[in-house]
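Counting in numbering that gives the first Met the number 0, the sequence shown runs from 0 upward without gaps.
Written below as structure tokens is the structure these notes are about.
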Amino acid sequence: MDPGASGRGGRGAVKVLIVKLSALGDVVQSLPVAMAIHRQNREVQVDWLVEQPSAGLLPGHPALTRVLVSPRHAITEGDGEPIQEVKDFIHVLREVKYDAVVDLQGLMKSAILVALSRGRRKIGFRGGKEFLAAWAYNQRLEPYDPDRPAWQRYLDLLGPLGFEQPARVEFGLEPSQGERKRVRSLLGGEGEQPLVVLHPMAKWDSKLWPLRYWVDLAQRLAQSGARLALTGSADDQPLGRLIARRAGLGPALLDLTGRTGLKELAALLSLARLVVCTDTGVMHLAAAVGARVVALFGPTAPWRTGPFGSGHLVLRANLECSPCFDRDCPEPICMQRLEPAQVAAAASSLLEQA
0 MDPGASGRGG RGAVKVLIVK LSALGDVVQS LPVAMAIHRQ NREVQVDWLV EQPSAGLLPG
60 HPALTRVLVS PRHAITEGDG EPIQEVKDFI HVLREVKYDA VVDLQGLMKS AILVALSRGR
120 RKIGFRGGKE FLAAWAYNQR LEPYDPDRPA WQRYLDLLGP LGFEQPARVE FGLEPSQGER
180 KRVRSLLGGE GEQPLVVLHP MAKWDSKLWP LRYWVDLAQR LAQSGARLAL TGSADDQPLG
240 RLIARRAGLG PALLDLTGRT GLKELAALLS LARLVVCTDT GVMHLAAAVG ARVVALFGPT
300 APWRTGPFGS GHLVLRANLE CSPCFDRDCP EPICMQRLEP AQVAAAASSL LEQA
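Now the structure itself:
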């Protein structure tokens with residue numbers, strides 16, 4: 000493929016489809032690939048195929064021409080008319096003949112979509128979690144080192160595409176003025192106190208920090224003069240309300256669970272002086288928009304999935320069983336050993352540096 004070709008979106012343009020369906024953190028960590036292509040040749044058409052839960056982050060992204068949304072959610076949730084949605088999606092997917100289709104997911108669900116696409120080159124790694132996914136590729140790359148940071152592994156795909164490694168890693172997630180304005184309205188204005196975002200949620204039960212610890216942390220940070228905001232999805236609202244009620248901080252703790260889309264969430268994180276969270280997509284989103292992070296790690300490895308960049312603090316208990324990479328644990332002592340006082344001290348140290 001010739002990265003010097005021109006005509007973004009036109010008949011003669013180089014066209015690349017990136018397949019990264021989920022989850023939020025993985026999508027965020029993949030965005031530097033699109034940005035690197037865009038910076039090196041703005042005429043290349045870069046499209047992205049994603050699943051519904053992460054789709055709201057991508058419209059308007061400076062490196063992307065089209066955002067295609069997989070109908071998997073309609074199929075699994077039974078929403079609308081799934082058969083017709085699948086037919087419509089396949090039609091849209093096959094409208095463009097791509098010079099390269101790059102599978103950054105490496106799972107069977109993404110491989111099927113790669114197979115359905117029209118691509119001259121279909122590129123992916125051998126030997127991933129679901130090794131049979133490689134059947135969909137006509138250009139198979141050697142297995143990657145899983146202990147390298149995910150964003151670095153994704154950038155390795157630039158070479159086979161004919162692009163260079165970027166001098167500076169960019170995510171392209173700068174919030175708009177309108178998004179920041181909407182978030183400031185939710186916050187009730189700027190405020191003089193430093194804004195600290197607490198994200199107590201996680202997809203894996205084993206990553207959850209005890210609820211009573213979040214309550215304790217919120218009280219400690221409020222006593223030190225911070226203004227607090229809780230974040231989470233609509234499904235997380237019962238937990239958000241419970242933490243806010245037990246903390247008893249009134250207007251010093253604003254419960255925003257279920258009140259922001261992904262764009263507004265990115266804007267909120269960009270306005271925060273600090274974000275405290277576990278190893279989640281919100282951690283990666285916060286780092287991508289320039290927020291400092293105190294990240295609580297237990298069952299996963301920070302050298303693989305820690306926050307991008309400098310200025311963060313990663314806390315973990317040095318236990319023999321950690322990281323185990325198990326989604327469920329009957330006694331997640333790796334998270335329970337992280338005391339609220341320790342986390343509050345880490346947060347205070349970063350707030351003092353800001």
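Beta carbons are placed, not taken as given, at the ideal position from N, Cα and C, and that holds for glycine.
Being a predicted model, the structure only gives us computed values, none of them experimental.
Alpha carbon to alpha carbon, what distance is there between residue j and residue i?
| i | j | result |
| --- | --- | --- |
| T279 | M200 | 8 Å |
| A344 | D235 | 27 Å |
| S347 | H72 | 41 Å |
| L121 | V45 | It should be pointed out that residue 121 corresponds to Lys in this sequence rather than to Leu. Distance between the alpha carbons of K121 and V45 is about 15 Å. |
| A62 | F170 | 9 Å |
| W134 | A233 | 38 Å |
| G24 | G249 | 31 Å |
| E338 | L238 | 20 Å |
| D144 | D102 | 17 Å |
| F88 | A99 | 19 Å |
| S184 | A228 | 13 Å |
| L261 | L156 | 26 Å |
| Y97 | L194 | 44 Å |
| V18 | M282 | 22 Å |
| V196 | G123 | 36 Å |
| P331 | L295 | 13 Å |
| R93 | A110 | 15 Å |
| R219 | A22 | 32 Å |
| L115 | V26 | 21 Å |
| Q151 | I74 | 33 Å |
Starting from residue i, trace the alpha helix (DSSP H) in both directions and tell me its first and last residue.
| i | result |
| --- | --- |
| F88 | 81-92 |
| R315 | Run containing R315: none in the alpha helix (DSSP H); it sits in the beta strand (DSSP E), 312-315. |
| Y153 | 149-154 |
| W47 | W47 -> not in any alpha helix (DSSP H); beta strand (DSSP E) instead, spanning 44-49. |
| Y97 | Segment 96-102 is the beta strand (DSSP E) holding Y97; no alpha helix (DSSP H) there. |
What residue from the options has the CA that sits closest to residue i's CA?
| i | options | result |
| --- | --- | --- |
| L20 | L112, I89, A166 | L112 |
| V91 | P142, Q104, S109, V68 | V68 |
| H198 | G177, R181, L252, Y153 | L252 |
| L172 | P31, L350, C333, E351 | P31 |
| E42 | D146, G187, R152, T64 | T64 |
| E178 | L295, H283, E263 | E263 |
| A340 | A217, G297, A114, P329 | A217 |
| E351 | M334, H311, C328 | H311 |
| G309 | K86, C276, L349, A114 | Looking at the sequence itself, residue 309 is Ser, so the reference to Gly does not match. When each option's Cα is compared against that of S309, the closest is L349. |
| L140 | G158, A149, W150, A290 | G158 |
| E189 | R119, A271, A166, R117 | A271 |
Near residue i, what residues of its chain come up, given a Cβ to Cβ distance below 7 Å and the 5 sequence neighbours on each side ignored?
| i | result |
| --- | --- |
| Q192 | G224, A225, R226 |
| R326 | W203, D204, S205 |
| V66 | W47, V49, A54, L57, P58 |
| R258 | L185 |
| D254 | L229, G239, R240, A243 |
| P70 | P81, E84, V85, F88 |
I need the boundaries of the beta strand (DSSP E) containing residue i, first residue and last residue.
| i | result |
| --- | --- |
| R139 | 138-140 |
| A276 | Just to set this straight, residue 276 is Cys in the shown sequence, not Ala. Note, C276: beta strand (DSSP E), 273-277. |
| V292 | 292-296 |
Can you list, in chain order, the residues of its chain whose CB lies under 6 Å from that of residue i, leaving out five sequence neighbours each side?
| i | result |
| --- | --- |
| A285 | L268, V274, V292 |
| V168 | P31 |
| G126 | P142 |
| S29 | K19, L103, Y153 |
| T299 | D278, P322 |
| D215 | P339 |
| E129 | L106, M107 |
| S175 | none |
| R147 | none |
Might you give, ordered along the chain, the residues of its own chain that have their beta carbon closer than 8 Å to the beta carbon of residue i, omitting 5 neighbours on each side?
| i | result |
| --- | --- |
| R181 | E263, A266 |
| C328 | D204, S205, P298 |
Could you say if the segment 219-234 and the segment 307-319 meet the contact criterion of at least three C-beta pairs nearer than 8 Å?
-> No contact exists between the segment 219-234 and the segment 307-319.
Would you check if there are 3 or more beta carbon pairs closer than 8 Å linking the segment 47-62 to the segment 287-305?
-> Judged by Cβ distances under 8 Å, the segment 47-62 makes no contact with the segment 287-305, as fewer than three pairs qualify.
For the segment 235-255 and the segment 203-219, state whether three or more C-beta atom pairs, one from each stretch, are separated by less than 8 Å.
-> At 8 Å Cβ cutoff, the stretches touch.
So does the segment 34-42 actually touch the segment 151-164, counting three or more Cβ pairs closer than 8 Å?
-> The segment 34-42 is in contact with the segment 151-164.
Pair every Cβ in the segment 266-282 with every Cβ in the segment 12-19, then say whether three or more of these pairs are closer than 8 Å.
-> Cβ pair count under 8 Å is below three, so no.
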